[in-house]
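Comments concern the structure below.
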């Protein structure tokens with residue numbers, strides 16, 4: 009792919025208005041809806057894994073952590089049980105990791121992807137990660153600080169998380185969504201408030217998100233053929249140039265050899 013979502017967001021030479029961001033969001037939800045319809049959970053959705061084609065189309069990439077969710081069956085009635093099987097909790101990049109994963113859950117479903125999508129949508133507007141923790145403990149602290157201390161109302165099954173009761177929380181009230189997502193479109197605030205939730209059962213799925221009023225109000229999503237086109241080799245031009253470690257080592261060793269020669 010020519011480019012990626014981070015490069016498009018942070019390139020000062022590319023102007024992205026609300027209609028462009030809305031189209032990226034719609035493309036993302038459409039891709040996630042198709043993925044989830046085939047019972048696949050991505051488990052590592054983040055801006056770096058969203059590529060932009062030469063035609064300006066967003067594509068979901070890097071399925072290395074994805075899994076096929078196969079429901080178990082009950083012995084009594086031999087019907088599909090909607091509870092997911094046991095999976096590893098060590099998935100998803102920290103800043104886009106759902107709370108149930110942060111607390112060690114190994115029983116989850118596609119709703120963990122929807123938390124990640126909510127974080128991505130917020131970052132598209134803010135140009136910075138919504139919850140930017142540098143360690144798991146810091147990530148938990150930031151999430152709790154913004155969403156408030158979990159309660160029976162906001163997260164009924166929190167005590168089922170393996171690591172939840174290992175931590176003690178000082179009570180704090182949630183930051184109102186209109187403050188957490190300040191200067192956002194009101195409908196976008198409503199959409200994000202239905203994605204960035206403790207209770208996974210209450211998060212919107214991708215199909216529901218596509219029907220949210222946010223996508224049907226002004227400004228309407230930009231038509232795909234009018235989306236900004238990334239320039240050729242955009243990723244290489246935007247990405248910082250790697251440090252020439254080998255050349256530096258060779259230079260340092262040549263200086264060392266010269267010093268040794270002079271002292272011998």
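Residue numbers (the numbering used here): 9 to 272.
Note that beta-carbon positions come from the ideal geometry of N, C-alpha and C, so glycine has one too.
Mark residue 123 as exposed unless 16 or more other C-beta atoms lie within 10 angstroms of its C-beta, in which case mark it buried. buried
From which residue to which residue does the alpha helix (DSSP H) around residue 200 run? 194-201
Taking the CB atoms as reference points, tell me whether residue 117 and residue 204 lie closer together than 8 Å. no
Cα-Cα separation between residue 20 and residue 242, rounded to whole angstroms: 13 Å
Where residue 112 falls: helix, strand or coil (DSSP): coil
DSSP on residue 72, reduced to helix/strand/coil? coil
Under the three-state DSSP convention, the category residue 39 falls into: helix
The region 220-231 / the region 145-158 touching (three or more Cβ pairs under 8 Å): no
Grouping DSSP H, G and I as helix and E and B as strand, with all else coil, what is residue 11? strand
For residue 214, collect the residues of the same chain with a Cβ closer than 6 Å to its Cβ; drop the 5 residues on either side in sequence, then sort them by chain order. 37, 40, 41, 44
Which of the three DSSP states is assigned to residue 125 in this structure? helix
For a quick check, are the C-beta atoms of residue 231 and residue 129 less than 8 Å apart? no
What's the gap between the Cα of residue 30 and the Cα of residue 193? 11 Å
Hey, would you say residue 24 sits closer than 8 Å to residue 35, going by beta carbons? no
Return helix, strand or coil for residue 30, following the three-state DSSP convention. helix
The beta strand (DSSP E) that contains residue 58, what's its start and end? 58-60
Who are the near neighbours of residue 249 in its chain, counting only those whose CB is closer than 6 Å to its CB and skipping five residues on each side? Its pLDDT being 47, under 50, residue 249 is placed unreliably by the model, and nothing is read from it.
Outcome for residue 127 when other beta-carbon atoms lying within 10 angstroms are tallied against a minimum of 16: buried
Residues in its own chain within less than 7 Å of residue 283 by CB, not counting five upstream and five downstream? There is simply no residue 283 to check, as the chain begins at 9 and stops at 272 in what is shown.
From the DSSP output, in three-state form, read off residue 48 for me. strand
Name the residue from 63, 26, 198, 55 whose alpha carbon lies nearest to the alpha carbon of residue 239. 63
Taking just the CA atoms, how far does residue 32 sit from residue 143? 29 Å
Alpha helix (DSSP H) segments (min. 4 residues) lying fully within the region 140-186: 144-155
If you measure between the beta carbons of residue 206 and residue 162, is that distance less than 8 Å? yes
Figure out for me which residue from 102, 169, 176 has the closest Cα to the Cα of residue 115. 169
Looking at the structure shown, is residue 135 part of a helix, part of a strand, or coil, going by DSSP? coil
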